[in-house]
Structures are given as C-alpha cells and as structure tokens.
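Protein chains: 4
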Amino acid sequence: MIKKKIFNDPVYGFIEIPNQLCFELIEHPVFQRLRRIRQVGVAHYVYPGAQHTRFQHSLGALYLMQEAISVLRGKGQEITEEEATGSMVAILLHDIGHGPFSHSLEGVLIPSISHEEMSLLFMKKLNRLFGGALDPAIEIFTNRYPKKFLHALISGQLDMDRMDFLRRDSFFTGVVEGAINSDRIIKMLAVDQDDLVVEAKGIYSIERFLTARRLMYWQVYLHKTVVAAETILVKIVQRAKQLVALGDHSLFASPALSYFMNLDVVENEEEMLNHFALLDDDDIMVSVKTWADHKDPVLSRLCSNFYSRRLGRLMIRENPFSQEMCNSLINRVSDEYHLSPEDAAYFVYTGKLFNNAYNISSEGIRIQIRPGETQDILQVSDIENLAGLTKLVEKHYLCAPKEFLER
Amino acid sequence: MIKKKIFNDPVYGFIEIPNQLCFELIEHPVFQRLRRIRQVGVAHYVYPGAQHTRFQHSLGALYLMQEAISVLRGKGQEITEEEATGSMVAILLHDIGHGPFSHSLEGVLIPSISHEEMSLLFMKKLNRLFGGALDPAIEIFTNRYPKKFLHALISGQLDMDRMDFLRRDSFFTGVVEGAINSDRIIKMLAVDQDDLVVEAKGIYSIERFLTARRLMYWQVYLHKTVVAAETILVKIVQRAKQLVALGDHSLFASPALSYFMNLDVVENEEEMLNHFALLDDDDIMVSVKTWADHKDPVLSRLCSNFYSRRLGRLMIRENPFSQEMCNSLINRVSDEYHLSPEDAAYFVYTGKLFNNAYNISSEGIRIQIRPGETQDILQVSDIENLAGLTKLVEKHYLCAPKEFLER
Amino acid sequence: MIKKKIFNDPVYGFIEIPNQLCFELIEHPVFQRLRRIRQVGVAHYVYPGAQHTRFQHSLGALYLMQEAISVLRGKGQEITEEEATGSMVAILLHDIGHGPFSHSLEGVLIPSISHEEMSLLFMKKLNRLFGGALDPAIEIFTNRYPKKFLHALISGQLDMDRMDFLRRDSFFTGVVEGAINSDRIIKMLAVDQDDLVVEAKGIYSIERFLTARRLMYWQVYLHKTVVAAETILVKIVQRAKQLVALGDHSLFASPALSYFMNLDVVENEEEMLNHFALLDDDDIMVSVKTWADHKDPVLSRLCSNFYSRRLGRLMIRENPFSQEMCNSLINRVSDEYHLSPEDAAYFVYTGKLFNNAYNISSEGIRIQIRPGETQDILQVSDIENLAGLTKLVEKHYLCAPKEFLER
Amino acid sequence: MIKKKIFNDPVYGFIEIPNQLCFELIEHPVFQRLRRIRQVGVAHYVYPGAQHTRFQHSLGALYLMQEAISVLRGKGQEITEEEATGSMVAILLHDIGHGPFSHSLEGVLIPSISHEEMSLLFMKKLNRLFGGALDPAIEIFTNRYPKKFLHALISGQLDMDRMDFLRRDSFFTGVVEGAINSDRIIKMLAVDQDDLVVEAKGIYSIERFLTARRLMYWQVYLHKTVVAAETILVKIVQRAKQLVALGDHSLFASPALSYFMNLDVVENEEEMLNHFALLDDDDIMVSVKTWADHKDPVLSRLCSNFYSRRLGRLMIRENPFSQEMCNSLINRVSDEYHLSPEDAAYFVYTGKLFNNAYNISSEGIRIQIRPGETQDILQVSDIENLAGLTKLVEKHYLCAPKEFLER
C-alpha cells in the first residue's frame, strides 16, 4: 500500500505531498525555515489572525499546482510526469529565498538581491545536493523551458502563487471580501497555443479575482497601519546598521542576524547563503526587543514604539508631499525629541505606495473565446473600465508620530 | 425566563424572532405560504441547490434588520422601540406579495399588479387583523415615515432585502464569488442628516458588493439557461390562459390556480387576494405536469419541454435581432412542428435583459467622509469607472429550440 | 478539448459528471423527477433551509464515490474502469425509487414496495433502455458482484450515501454539529481482504461520524415536530385513501396522484412504475391544500392543520403509553371535535421511534490496525461504550393536538 | 458618534471591544506580549496552520463573553454593567500569565508558579495601574464574587475559555471534526439557582462538545508528534539550565531569557514579573537556534534535532513501561552517541499523558430539565456511557530517537 504524507490545511482541507522529491525538499532545514517567516510581514499588527507563514503558503501553492495540472491534463493538454514534478518543485520553492518578514525587509537587510534571485540561489544549491533532480524545476522557474505555459503557472497573471496568497491572506486576516474562488478559476484554465488562458465562461470569476486583488492591496498590504509598522521596521534595521557602521561593535544581535549587520556588499555568496539559511522573523523580533533599551535615543525610541505598537500616522495623497511640510515636521520632532534633524528624519518620512508591488507585469489575461481564438480580458469584459482594476495606482504617503499629525 | 423562538439558518446560524408581533405574523398562513415560493424561480434548473424560499429570505432580512438597528443605535442614532418594530415588520413582509416562482411569473398571472403593490395589500389586510399594529411598518414601507433612513433600510441601494438575497442566493447556488460580507457592510452603515450612508473605511466592501451584485446578475439571475427556463414558463401560462379565453373550460388547473386562469382584470380585490393567498409554486408545477398530455400541440410541447428540461437556446447580443431572422426561424419551426406561424412564435421569441431588473433605482450610495460630509461613491472610489458596475446594461436575446440554432 | 458537465454544489463546490453514461442518466426524466422530491421530507417545517432534494443528494453521493475510487486506487487497490463506472451509476441511482417526501410516505402510498426495491425496478427499466450498460451497476447494487467492497461503498456502514446525506442534511438544516468530515473519512478508507476498512489513524473521525449521525437522528430526523408533521401527512393519505375506498370518487387528486389513491395491490408493475415516474412532492402538496376544504371533517381538519402548521404535540417515553391514556385522549377529542372515536383516532395516536431507521445494519466498522489485521471499532476505541452510539434506540411516542396535552 | 475598536477575526468575523477599560488593557504592552505566544505551543510542527496566538484567543474569549452576557440577560438574568465589565476583563486577562509556548514550558522555566497564578499577579499589577478598576474582575476570577455563575463563565466546564480554544484550535489546525458550535451552546446557557446550566434541548450540542474536546486532545494536544516536540523543548531548557547551574556563564541567551536561566527560586516577585513581561516564544526560538552549535553534545544535539524537526518517536501504552526497557534503550543511545547514561537519558524518557490536562475539574455539567430542576448530564443523556467522554484517561509514553525504536 502506498502511503503519502498529508498536511492538514485550514484553507484547502488536506494537502497531499505528491512525490518523494517534494517530500524530501519539504523536510530540508532550508525549507523548514519558512515556518518562521510570516507570510504578510507585520500585517498581524492590524489583523491578529495573520500569523500564517511562507511554509503554509508554499504548501498551498503546491496543492493548487496539482489541481491545475490535473485540470489541464483533463482537457487534453499533455504534461509529462517530469514536467509535472518540475512545476511542482518550482512552485514549492518559489519563495524559499524570502527573508525575515517577507517583503517588509526585502532590500534592507541584503541590499542588492531580490527574493526571487535568492530563491534561485537556494534552488541551485539544493539541485547540487539532489544530484540534478531540480533541473526541470529550474528551467521552468527561469522561463527557459519550451512549454511556456508551465512558467505561467509559476509566475504570471494567474499563477498558483497569487492564487494561493490572495485566498490564504484573505482567510487568515478575516478580510472575507478578498476571498477568491481558486477552485473555479483553476477549473476554467486552459492552454491555447502554449498560452495559459481562461475559458470564456470564467470571465466573471476573473473580474472578481481582480477586484479581490485590488481590495486586498488597500485593505491589507497597503493598509495605513500596516505600512506604518513596516516602515518603522525598516528604519530600525537601517539605524542599527548605521550604528554598527559607525563603530558600535557591542550592539546586540542574535547570532544569525549578526552577520548581516555588517554586510554591505555580498562578496562570498556561498557564505552569505549559509547565514541567510539561519535567519528568520525571530532574530529580528528578539533584537528589536533588546534594542528598546539601547542608549542611542533613535534606535531605542523606534524599537520601543514598535514593540508597544505606538506606530506613526500615515497620510496618503495623490500628489507628493512638499519638502516644506516635511521639513517643518522634522523640525518639530527634532525640537520635541531633542534630536538632530538627521535623526528626527527617522520618525518623519515620505514614500510611495503601489497597488501592484507584488504583481508587476505587463502581460494581460487572455480569454479563450473558442479554441484557437483568444482576446485580452480588457476587450471582452463589459465592465467598461476593467482597466481601472488592473492599472498601476501610485500614491504618496507621509508618516510621522501621531502627536504631530492632527487627523 | 423569557423564551424567544429561534430558527436555524444555514447562512447566519441562528435567527431570533425579536418580538411577539413578528412571531404571530410568521405563524400566519399568508406568511407560511412563502415556504412554497422559491426565491429564485427556476434557477434551480441550473443551480440545483437553489431551492430556497421567500420564507427563508424574509427571515434572513429580518435578521439583518436587527443587526442594522443595533449598529446604528450603537453609533448614537436614536431609534425608538416602535420604530424598530415597524422596520422589522416592514422588512419581514416586504415580499409577502410574491406569487409563484417570484419574479419569473410576475405580471403574467395577474397582469397589472406588481409584487410590491401586492405586499402592501397584504400588509393592510393583516393590519386590520392585528388592530392597527402594522401602522408604523406601513408608513415606513411606503416612505411616508419622517425618518427617511428607515425606509432606506427596507428599500434602497443598501437595503436589508438585497443584502440578504445576494448573500443567500450566492450561498444556495454555490456561486461563491457572489458572496457579500453583509456583516461588514452593516457595521459600516451610519445615518447622516437622515440619509443612510457608509463610513469611508467601508468603501472597499461597497465596491465588492457592487461587483458581487453584477456577477450574480450575469451568473444567476440572467444566466442563459435560467432565462430560457423562465420564458418557457411564461409562454406556458400565456398559452393556457389563451386556451381558456378561447373556450377550453375543461383545461385542468389546480383549484388554487383555476381562479387566475380566467382573470383578466381585477374587479374584486378582496376576492383576488383571498385566492392569491392560496397560490404557490406547487400549483404551477402540477398543472404544467398535467398539461404535458394536453391535446393542444403548443401547450403540451411547451410543458413536456419544461418538465424534461429540454429548454430553448438563448442568443445574446448588444443590438436587437432583425425581424427577418425571427421570421425565418419561426417559419422553420412552423414547418417542422406543423404549427401556424402564430403558434410557432411560442417557441421563437426575442426580449431584453436588464442587469438591474431587481434594483431599479436612481439614488446613489453615499459615503461619509466625516460626520456631516458625504459624497457619492462614484466620486470617492479610485476605480475610475466604478460607474461601469452600476449602470443599466441592456442586452437583447433571441430564444429558439436548440435544433434550430447552431451554436 | 474534452468538456465535462459541471454542477455547482454549495456543499462540495463543484461536481463533475465523470462520463457520458452518467450524464445521460441524469438527463433522463426519471432522474430529473428527483428535483421535486425533498431529501428530508417535511423537516423544512422545523429547519426552513432543508428544501434540498434527492437530486442534489444523488449528485453529491456520485461526487464522493469518485473521491473514494481515487483514494482506493491511490493506495494500490485495483478498480477497473468498468467497475468504477458501475459503482458510480449504482450510487447515482440508489435513491431513484424514492417517492414524494422520501421516507415520510414510504409504505403508505404503495403499501408493499420499499424504495430500494423501487430503485431496482427503475434501474432494470433504464438498463433495457441503455442496452445493458447498467449491468455492472445492478450487480454491485444487489451485492452480487465479486468485489464486495464496491457494494460496501453503495450500502454499508460507511457508504457514500450516508456520507453525503449526513453532511448535506447538516448543511441545509444549519445543524452544524451534525457535519462530518467526509473528505477525511474517505481519505482514511482502505480495502483489506475485500473488506472496506478504515485506517487506524482515522478512528477519531469515525467516532465523530457516529456521534454526528446520532445527533442528526435526534435533532432532525426524529425531531418531535418533524415526526408530528410526518405522521399527520401519513394520516392525511390514509384518510383520503379510506374515503376513496368508501366510494368518494369525486375526491380531488392531481392526475399523477389519482392512480395511487385507488391502488391496493400492485398488479401491473410496469403500469405502476410509469405512474410512479410522474409522482412528486408537488402532487401531495396541491392535493392536501385542496382537501383542506373537503366536506369530510377529518380530512379537512388534518389538511388545514398541516397547511397552517398547527401540528400535534409529541410526547416521548422509554416505555409504551397505556391504552387507557390513549382512549381517554381519544374520547376527549371525540367530544370536542364531534367525531366518532374511530375518526378521533386520526388525531391521537402512538408509535415508535428508532434512531437508525435509515441505517439498519448488523455489520460493524472495521479498523485496519495494519495491513491484513483489522478489528471492530468497538474493540479498538477507548471510549468505553462507543456501543452507546451505535446501538438501536427505541422510544415510544404519543401524538395529540396541543390543546389536549398540557406540556 | 460613538466609535468602537473592531478586530477582524477569521473565526467570528468581527470582535468589538466593548469599553474603554478593555481597550486600554489590550493596548498595554503586557497584553500585547500575547501576540508573541503561540496558543498551542509547538503543535504547528504537525499542523502548520496552528500559528495562532494567546492574543487572538483572549480576544475571542472576550467576544464569547459578550455573547453569553447578552443571552443570559435576554433570559431575564440580572447582570449589572459593573459585573459585565468585570467578567469581560477577567476573561480578557485569564491567560495573561502564560509564558513562551503556553503549556509546553509551564513549570519548566519558572518552577513553582502556574500560569493562573501568574495571570493573577499581572491582574493585580494592572489593577494598581488602573486605580482599582480591576477589582470586580479579580473577585470574579478568584471566585470570591457572590454571583458564582460569573466565575463559571471564566473557569468551569462550559467557560468561554474552552469554548473559544476548542473552536479556534480546530479552525487553525484544520481538524474540523473538533469544531464546536459555540453559538448554539451559548444560546442554550441559562442560570438556575446561581449555577450556570444548559437548557435541556441543548443536550446534543453538549454531547458533541464533549466528543469534540476528546478528539482535540488525541488529535492535537496529545498527538504523538506534538508531544515529542514539546518534550524535546522541555529537555532543551532543562539541559541549558543545568549547564548554567554547573557554571557555563557564557551560554548565550537572549537578554529577556537570561534572567530565567539562572532562576531557581523566585525571591523578588516584582522583579521576576518585570522580566517575565518581556519573555516570549521568540526568545526561546532564537536561543535554541543558537545552541544548536553549542559545544555540549547533549544541548547541541537536542537543539539541532528540534530545529530540523528530527523528533523522537513516541510509543503509547495503557501501562507503564518497564525500567529494563528504558535502561536498555538508554544504554544503546549511550553507546551510539558516546554519552554517559545520565546524558543519554535526555533522549530516552517516559511520561504520562492525560486527556484533560487542560481541564481538570470535578464539577459536572448541569442540564436544566425545567426552571428550578437540573440534573447532571451523565444522568440525562441516553448515551449510556457518556462518562467515557468525560473521565480522565491516563496513558504512558516512552520517547526515544526513531532509529532506536522500530515501529
């Protein structure tokens, strides 16, 4: 009798691990690390349920990939066993390069490497360990595999990544309006001339998917308080690194974090990767807690604010904030907190919000009118400006301590 | 100890009947009749789960009304006990005038009375029975009560009626994309200068509500096969009434239906109401089943088609179908079925679909920017053409037997 | 591209029709009739949501059968395509012999044929129509197929029938405590020496299944008010048949019901079957409504009580009620209603309740300790008297009009 | 307009904070700490979704308390505003004394103080801060308040604590069989002679509750792998404390944890409390990760096993394991790992499992037959040995590395 490992999952019920390779990859410490990386960074400060991890998301995406492969095969599309396994491994590992708090600290701890690049580094490392078994996965992941639709299942407008994260993040935040019907969308997928497309009768589900995605951006990923919490965390790491750069060698850091406090340029990739494999949310949290008592007034104030959830207030506008307004606020903070203007700028800052930071993509969603004939959803939908749901929205924010910004 | 009647409801869990008046109204045979009126007519032909009734919907709307009153009171809005009871009775009875298959046969069985007018007739009748206890309810229902926001809870862009039917119809059809978060929308309601408005932070839920509503129209209420089934039912009743008008006095009709087969103009309203109070889906179903063996070839073919679910095919277009196309189809049907062109027209016909047949309304949804300042959602939303979701869409359909319309 | 018919189902999401044979059987009018047979008879009088039909249940059981087959194959059990189709057809049609209001009127309308026998008659009839394609299904259904575990999936302690009806009835009644995790139970199924067994780690799910089943009996199937409504329906049919037997040839009956009002012994099975194929809940409802005005005081009172939901009160005891108590009540009713004692007995009667009327079975549930070694769940569970959950409970009831039974 | 803070909760939808006192308590850093204490310790090693925290649980219990108070008041039971607030504060803070990984490390880090005692210490501390506003809460929490049923809502067979944790843990683990219908149970609560009782018609829900609770014990709280993970964590802390006691002053510990590594007897309660207020799961996780490289072979092996999820195997029996069996295993481990037998005993050990470790209680559940008359559920239920569900089950386990215990 064949036994397969099954995970309980509150979202899909059960997730079966399809084969031995996936099983062994999941068991590997590098993958287990994802158990300690929260999927939506600090969003749990606003949505207490959002403690779910990249580990769960990766398993969930693996589940959906199995569904998608089964649906496409059921419609007559050939997918070999090797291709199926390759796609499953690729989606399983697509986020393995995420660091502490996922996107929140991306580009801050390790300046010049995106999480996708890091994922690829880990895949290659694991591939050596597994004797080349990940070759197809890597080809699909990097879009060098001939059947392009397989890559589209990993990374594209309707990939299994966002299919899972939208549904999962909606589930754990309790923002039920963001729920998408991944079952139905996947049932509607088809392959047409090597493109991943959606059958015409699935169009309403896609419209719903686009609305849900937009809603999740504004209600969760770009929620004022979430952004306030994320940016304070960025400021904390920047300040701590600055102190170290200025010579504060006694600054506490958990051993796994230590290495990155001194890292400016990655010179030894292998070494960096080994350290990165040990790093997770816990290192940040413990260090921040400890720094709340640090003698540097900027670092300690930032950290104790973060810990006791005294977050800044965020103003959002269509247009940039004027330099005068910022300076004036910085000066007031500088006076009040007895800090230099440079240091006060750790508490008053501006930035941009994009509603598709996670999904930058120029491709559209193709609707299959009939086999062989597809159109972009923007042309087919009778919502006149469905485009309104898909375009890049850019807004400007200014963040400052609450007492300085009357509502 | 005070005991209140509680209904189990698959959608909300439990529905408590708030007071004795509501309880007695529910017990009344006129209300019990709603147990035998399907909420979404013949939609169960496409969505087998959609067997739910106006009885369940009316209880559901009563539940939401209790929630809404509690939320508005919690925000400081005064609502007296009498006003609360009035609103609850009004929503409980708002659909009591629906006849067999709800909207599907509206205007066909009883030519000149809408279901809202019929509801009012029943309310007045019950009011006499209950010694005037329904006075406030009737004032609110007919929008003659000073606090206008109470009427808006019964009938308006965000009334408890559509709040319940969208969620309930989504639930029972299994079209989960149509689910709305009624809890959250109601939590966001407020009253501003006697208008029912939505707090600014609820704007995404409203956008979602509008998308969901639109989706339910096209996926359920105006689904091709649902419309095909509805229109065949209309044709059946029209043909049967025509036969009676032409002198076929032996035509079977269940006793409750009999009266309406001969009814052209309502002369005695009281008498009509008494008969109407006995009429439900079952009368139609049994009569249609019996007519499948009638000697009139049009009636029997329509009925046996309906019963064995051999429904016509619906073509949908932006523009009207040409008279030539119709005539040509009618002629082919006439030849094939050995019918006169007039009779063949029972099988080939055109019509219009409106995406807001259920919700005709010129008012907008007001968003409360801050107390005292509200704006229409179309101005506030950053979906450029949210209007696309709210405008009236009109489409044209042509229906004919499948064998005459190649796909 | 292969297209398969998909049904939306509120319980499982989507139900795919696996092959052409199943599709054509579903399209057949005999199967379509199940759309008009409520799954749980008159339980909607207590649980308004319980309007679901045998049609939905049969599709649901078909869905679970597909899951079960896939799970067993995944564990290495051979099931040929023919066997799979046979099992699917057998479960699809297992309830096709149900008449109006399912169990409520079983044995009343047609005295001597159970619904299982009727199902077999229909299967044989359809088999002739489909040129023998149902042979494997019939062998499996009647337990004459060599692989016995296939029959156990249709009819046994853990068959797909009760797996679906418990979950579905729980869903539509809103009695969420009765929900079972059919997914998990099916995942735990295995075949051991041709027995359908449950893997050891599934034991808690089975205990939960047994508790849920027991709860559904007492909360739904044997709920006092449900039984009161069911028995009044039985009395109505019995009285109407009695009146006809006594010569009342003018008694209204819908055409489809007419035949059965005069039926005592089935002499022409084919003829009976043809009439039965036209009969559904609607015939009963329309006739009962009409009879509420009949001149016979017993029939009219029973029917108007049923229609306006003035149901009798049910007392339940461990021991039988005394003849004296019954007689005394009958006499009081006889006086009050001006009826002979024989006629008064239509309003006062006793009977028995069994908690497993639906599931009589002597077999146990086998738990697989390890391949080749199974034990009865009663020996394995550490709930000492799990037997308490599985044994036959028999209770006695007395039903009488409320005004004669003080609480 | 009155605005209340609302939390999104995936389990109940929305949780409203009822008053200013509760709001300020939630904002306090001591309460915020619960965001970093996992509700079910290391159960996420088996159920990846189980990352939920004591913070969510405490809010959930607060929600249920509001429901219960509203239900009891609705049945005529007087509960003053002060009593309501007292009960709400008491349930909000009932778990505030939990340390890292909740029960898993209880009694290990701080030898002689239970989490309930610690909660009381924190309540008293907060009471001083809030000028005595917590007096009623403390009286209710410690069962010194005259109305005893209020305490029963905090701590008793049917308290809001277990009502929430069973439902929540079921939700996040995905063990749906463990779900209880808290809504219905709460709707069935009543007060009879100052006892918290359940109305007779709620008996099936209670039976279901008891089955669910038992199932959650064996499927989650006492799941073999969960216990294996918990006990290894205990061994890690014990070993680390031993090393410190033996003089290893260089052993890394996060600053917050440091204090407790040296703590044997609590001499300065205030000081201990201040340190405890800083301690959470993160401190343990970071320290364990760091210790995986420690030079002590016992500590490093334990820690790296825990981190890479190489957990011991657990055997479970009705009777104790023999000393010989243990010694023999210890000797084999001692040989294989080159450790003294004393050190090898960190990898081979025995213990007991109790199915109601969380719920030790001698009281029964009272069912209200009619006002003034209650009975224990064991006498009322017709499950003969419902007792089987409620009695204390004690089992023995032996844990050893997998390679030494063939399955």
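Chains as they are written, first to last, in my numbering: chain D, 1 to 407; chain P, 408 to 814; chain H, 815 to 1221; chain U, 1222 to 1628.
We put the CB at the ideal spot given by N, CA and C, even for glycine.
#1: Could you name the residues of the same chain whose beta carbon sits closer than 7 Å to that of Val903(H), not counting the 5 residues immediately before and after it, in chain order?
#2: Which class does Ala357(D) belong to by DSSP, given the choice of helix, strand or coil?
#3: Would you decide whether Gly202(D) is buried or exposed? Buried here means 16 or more other CB atoms lie within 10 Å of its CB.
#4: My output table needs one value for Glu1545(U): the three-state DSSP class, helix, strand or coil.
#5: Let me know if Ile723(P) comes out buried or exposed under the rule of 16 or more other beta-carbons within 10 Å of its beta-carbon.
#6: I'd like to check one pair, Ile413(P) with Lys1408(U): are the Cβ atoms closer than 8 Å?
#7: Report the neighbours of Thr225(D) on chain P: residues whose CB is nearer than 8 Å to its CB, in chain order.
#8: For the structure I just gave you, are there three or more beta carbon pairs, one from the stretch 990-1008 of chain H and one from the stretch 878-897 of chain H, closer than 8 Å?
#9: Based on DSSP bridge pairs, tell me the residues matched to Ile1331(U).
#10: What residues in the stretch 605-630 of chain P bring their beta carbon closer than 7 Å to a beta carbon of chain D?
#11: Given that Gly874(H) touches chain D, what residues does it touch there, using C-beta distances under 8 Å?
#12: For Met1030(H), which residues of its own chain have a beta-carbon under 8 Å away from its beta-carbon, when the five flanking residues on both sides are left out?
#13: Just the chain U side, please: which residues come within less than 7 Å of Val990(H) by C-beta, in chain order?
#14: With distance defined between alpha-carbon atoms, name the residue in Pro1476(U), Phe1393(U), Leu1350(U) nearest to Val1267(U).
#15: Give every residue of the same chain whose Cβ lies closer than 6 Å to the Cβ of Ala875(H), excluding the five residues on either side of it in the sequence, and list them in chain order.
#16: Between Trp625(P), Gly538(P), Ser665(P), which lies nearest to Val651(P) when the distance is taken from Cα to Cα?
#17: What is the DSSP secondary structure of His103(D), reduced to helix, strand or coil?
#18: Do the stretch 283-294 of chain D and the stretch 363-381 of chain D meet, that is, are 3 or more Cβ pairs less than 8 Å apart?
#19: Spell out the partners DSSP gives His803(P) in its beta bridges.
#20: For a contact defined as C-beta to C-beta under 8 Å, what are the partners of Gly779(P) on chain U?
#21: Using a beta-carbon distance below 8 Å, is Pro843(H) in contact with chain P?
#22: Is it true that the CB of Asp416(P) sits closer than 8 Å to the CB of His464(P)?
#23: Hey, Ala1264(U) and Val1447(U): beta-carbon distance below 8 Å or not?
#24: Closer than 8 Å, Cβ to Cβ, to anything on chain P: give me those residues from the stretch 1058-1079 of chain H, in chain order.
#25: With DSSP as the reference, label Ile587(P) as helix, strand or coil.
#26: Within 8 Å (strictly less), CB to CB, does Lys402(D) reach chain U?
#27: Determine the DSSP secondary structure at Arg167(D), reduced to helix, strand or coil.
#28: Give me the subset of the stretch 308-321 of chain D whose CB atoms are less than 9 Å from a CB atom of chain H, sorted by chain position.
#29: With three or more C-beta pairs closer than 8 Å as the rule, is the stretch 1269-1276 of chain U touching the stretch 1324-1343 of chain U?
#30: Is any beta-carbon of chain P found at less than 8 Å from that of Val1051(H)?
#31: Under 8 Å between C-beta atoms, does Asp1382(U) make it to chain D?
#32: Out of Phe1252(U), Phe1542(U), Phe1473(U), point me to the one whose CA is closest to Ser1340(U)'s CA.
#33: Check the DSSP bridge columns for Glu1237(U) and list the partner residues they point to.
#34: Just to confirm my understanding: we take Asp1517(U), look at its own chain, exclude 5 residues before and 5 after, and list those with CB closer than 7 Å. What are they?
#35: Determine the DSSP secondary structure at Val1251(U), reduced to helix, strand or coil.
#36: Should Ile140(D) and Gly97(D) be called a contact, given that it needs their Cβ atoms to be closer than 8 Å?
If we stick to the structure as given:
#1: Leu835, Cys836, Leu839, Leu948, Ala951
#2: The pLDDT assigned to Ala357(D) is 39, lower than 50, so where the model puts this residue is not dependable, and the model offers no usable value.
#3: buried
#4: helix
#5: exposed
#6: yes
#7: In chain order: nothing, as chain P lies at least about 12 Å away.
#8: yes
#9: Paired residue(s): none; Ile1331(U) is not in a bridge.
#10: Tyr611, Ser612, Glu614, Arg615, Thr618, Leu622, Trp625, Gln626
#11: Neighbours of Gly874(H) on chain D: none; closest Cβ ~16 Å, over 8 Å.
#12: Leu980, Asp983, Ser984, Val989, Gly992
#13: Asn1402
#14: Phe1393(U)
#15: Ile905, Met974, Asp975, Asp978
#16: Ser665(P)
#17: helix
#18: no
#19: Arg724(P), Lys759(P)
#20: What Gly779(P) touches in chain U: nothing, since even the nearest Cβ is about 10 Å away.
#21: yes
#22: no
#23: yes
#24: Phe1066, Ser1068, Pro1069, Ala1070
#25: coil
#26: no
#27: helix
#28: none
#29: no
#30: no
#31: no
#32: Phe1252(U)
#33: Ile1227(U)
#34: Leu1464
#35: helix
#36: no
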